[in-house]
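Okay, so the sequence shown: first residue is 247 according to the numbering used here, each after it adds one. First the structure, in the form of structure tokens, and then the observations on it.
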Amino acid sequence: MSSRIPLIYTPKVLELFRNPKNLGRLEDATVVAQAGSPACGDVISIYLKVNDKGVIEKATFESYGCAANIAAASILTEMVKGKTLKEAWEITWEDVTKELGGLPAIKYHCSILAVGALKRAIRKYYSEVKKSLPPWIPKDLSREEKQALEVEELIERMYRKLSAGE
């Protein structure tokens, strides 16, 4: 006898899972960043095409994960198009969840990962392309960015162990 309770997703989540918008690699991306969670295996790559005025012209994503992960990345790429990088930075995981019509609490991390990838991309754009952070980006990583680093750190630890012959 199974005690599993099925997750209830909103029609918006199911639609974006079945027909994701902006799915795929953006070959002329200005910046790319990833986020992932080793706990559940979800991984997101966000691609941004940013113009000279700091406006996001295009945003796409690649995802390996559940319906909520794909839907969160999909809706986020829609939300950021046409926004300045500062406006995009201000998007929260709660905003993404609200745009999806809600998520089961156990799936909130999917919105957090999507926003983490976005914030990592914006920070990377300013660090690597512009060579300095604007005052509205804090020196310390946001909560979403910290979670986004989980996979990167796990991969580095595994690589070190493999290199050491463990």
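C-beta: ideal position from N, C-alpha, C; glycine also.
Within a 10 Å sphere around the beta-carbon of LYS365 sit 16 or more other beta-carbons, which makes this residue buried. Between the alpha carbons of ILE292 and ILE352 lies a gap of roughly 23 Å.
Sequence-distant partners of GLY348 (beyond 5 residues in either direction) whose C-beta falls short of 7 Å from its own C-beta, in its chain, are THR256. Contact check between the region 303–314 and the region 266–284: three or more CB pairs, one atom from each, fall below 8 Å, which counts as touching.
For GLY282, the enclosing beta strand (DSSP E) covers residues 277–282. Counting C-beta atoms within 10 angstroms of its own C-beta, ASP288 has 16 or more neighbours from the protein chains shown and is therefore classed as buried. Separation of GLN393 and ASN315 (C-alpha to C-alpha, rounded to the nearest whole angstrom) is 14 Å. The Cβ atoms of LYS299 and ALA275 lie no closer than 9 Å to each other. Across the structure, ASN265 and VAL326 are spaced so that their CA atoms are roughly 19 Å apart. Within the region 317–387, the runs of alpha helix (DSSP H) at least 4 residues long that lie entirely inside it are, in chain order, 331–335, 339–345, 354–370. Shortest Cα-Cα distance from GLY282 to any of VAL375, GLU261, VAL259, CYS312 involves CYS312. Between TYR372 and LEU408, the CB-CB gap reaches or exceeds 9 Å. In this structure, DSSP gives ALA313 a helical state, which the three-state scheme calls helix. When the beta-carbon positions are compared, LEU346 and VAL259 come within less than 9 Å of each other.
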